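Just so you know, we're using our numbering here: the sequence shown kicks off at 1124 and counts up by one. Beta carbons are placed, not taken as given, at the ideal position from N, Cα and C, and that holds for glycine. Since we're looking at a predicted model, the values are computed, not measured.
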Amino acid sequence: MKKILHIIGFVSFVLILGIVFIVVWSTGKMPKTSQQTSYAPTIATSMGIPMGIEMMDQAQQKDMLGNGTSAEDRAKIGPKIIKNGSLTIRVSQLEQKLDELTGLAKDLGGYIDESRISDSGNNRTAFATLRIPSNKFDEGVSAIRKMALVVFDQYTNSEDVTAQFVDLDARLKAAKAEEAQYLEILKRAGSIKDTLEVAARLGEVRSRIEQMEGELRYLRDHTDYATLSVQMTEETSIAAPTRTWKPWETLKQSFQGLIIALQVLIDILIVAATFLIGFLLPILIILGLIAWIIRRLISPS
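1. Using the Cα positions of N1258 and L1339, report the straight-line distance between them to the nearest angstrom.
2. Name the residue from R1329, T1285, V1274, V1264 whose alpha carbon lies nearest to the alpha carbon of K1296.
3. Would you grab the beta carbon distance between L1272 and I1255 for me? Rounded to a whole angstrom, and I think it's under 8 Å.
4. DSSP on V1273, reduced to helix/strand/coil?
5. What is the DSSP secondary structure of G1411, reduced to helix, strand or coil?
6. Hey, how far is the Cα of I1383 from the Cα of I1391?
7. Quick test of your reading: E1262 and I1204, contact by CB under 8 Å. State the CB separation rounded to the nearest angstrom.
8. Can you give the Cα-Cα distance for V1387 and E1372, rounded to whole angstroms?
9. Would you list the one or two residues that DSSP bridges to M1355?
10. Who are the near neighbours of T1346 in its chain, counting only those whose CB is closer than 7 Å to its CB and skipping five residues on each side?
11. Which class does A1349 belong to by DSSP, given the choice of helix, strand or coil?
12. May I ask you to verify whether the stretch 1304-1311 touches the stretch 1320-1335, counting CB pairs closer than 8 Å and requiring at least 3?
13. Note down, in chain order, each residue of its chain lying with its Cβ closer than 6 Å to the Cβ of R1213, except the 5 sequence neighbours on either side.
14. If you scan the stretch 1219-1268 from start to end, which runs of the beta strand (DSSP E) of 3 or more residues do you find wholly inside it?
15. Look at the alpha carbon of R1247 and the alpha carbon of A1300, and state the distance between them as a whole number of angstroms.
16. Could you give the first and the last residue of the continuous alpha helix (DSSP H) run that contains F1402?
17. With burial defined as no fewer than 16 other Cβ atoms inside 10 Å of the residue's Cβ, what is the status of F1378: buried or exposed?
18. Around the Cβ of T1318, are there at least 16 other Cβ atoms within 10 angstroms (buried) or fewer (exposed)?
19. How big is the Cα-Cα spacing for T1211 and Q1334?
20. In its own chain, which residues sit with a C-beta less than 7 Å from the C-beta of Y1234, not counting the 5 before and 5 after it?
21. Mark E1320 as exposed unless 16 or more other C-beta atoms lie within 10 angstroms of its C-beta, in which case mark it buried.
22. Quick one, are the C-beta atoms of L1221 and A1249 less than 8 Å apart?
23. Can you tell me the Cα-Cα spacing of W1368 and L1374, whole angstroms?
24. Apart from the five residues just before and just after E1237, which ones in its own chain have a Cβ nearer than 8 Å to its Cβ?
25. Confirm, please, whether the CB-CB distance from V1264 to G1201 is below 8 Å.
26. Give the single residue among Q1354, V1289, I1332 whose Cα lies nearest to the Cα of Q1277.
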């Protein structure tokens, strides 16, 4: 009898242990199931706490983004053109022309972004970068050409970034809408785990927002203001030589030249006389002796 009771007790213990294991296992699996079906793309659920961050993804984001480069969007924003140009010119007065460039930029509603002057002997050059409103770009190029004595080189370039601008603007709006949803989710998060997950996603969204805002600022700056680089070289002027008339000095130099010429002539005569006395005189004496001897031989008397 005791043996039967022991068997029944053991079987009951095994059954109870199995039931507990099944309950614990089922409880451990439930969060994963709910994680896949909660946090719906909409902010509210029947519990009032949206869950399932992973479910707010690509399909809804595509709906929020839409077709960001539609003709209607392009018409609303208008054309976005980045204009750049450069001029290499020769001018007469470097500092004055650099001041004129500064005044030109201000008159057109822009500014000088950078300027410098380089002086290397007779070769003086200046460089300036103008930022002027894009709608005044052609006017600025024409005014600079009028300043130049010679235009060595001119380059202009235009890049249409309207589609890029519209796309960035649409994605930024979608990201801000996503940020607002995550902020609402964060208010309703009921557990630490949910709060941490939402905060992490919110940080990612805000990072993308900052990046897109930076890109939009760059595009706005370069489409609103054109960049025009100007390199100037100064025309070198050759001064005519000047001479002061000094007749007295000229007379003195003439007398000095005459005296020097006479000295040279006398030196030549001295050299010639020395040559005659030292070289020709002995020869003449010898020739005279030979002639005298021959004459004595021919004439016995």
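Judging by the given coordinates:
1. Rounded to whole angstroms, N1258 to L1339 spans 20 Å at the Cα level.
2. Comparing alpha carbon positions, the residue from R1329, T1285, V1274, V1264 closest to K1296 is R1329.
3. Between I1255 and L1272 the Cβ distance is about 23 Å, and since that is not below 8 Å, they are no contact.
4. DSSP places V1273 in the strand class (E or B) of the three-state scheme.
5. helix
6. 12 Å
7. Not a contact, Cβ separation roughly 16 Å.
8. Between V1387 and E1372, the C-alpha separation is close to 22 Å.
9. I1212, A1249
10. K1203, I1204, I1205, S1257, V1284
11. Secondary structure at A1349: strand, using DSSP grouped into helix, strand and coil.
12. yes
13. L1272, V1273, T1356, E1358
14. 1234-1243, 1246-1256
15. Taking the straight line joining both Cα atoms gives about 57 Å.
16. No alpha helix (DSSP H) contains F1402, which DSSP labels as neither H nor E.
17. exposed
18. exposed
19. So the two alpha carbons sit approximately 36 Å from each other.
20. A1228, R1254
21. buried
22. yes
23. If you take the alpha carbons of W1368 and L1374, they lie about 12 Å apart.
24. F1250, A1251, T1252
25. no
26. Q1354
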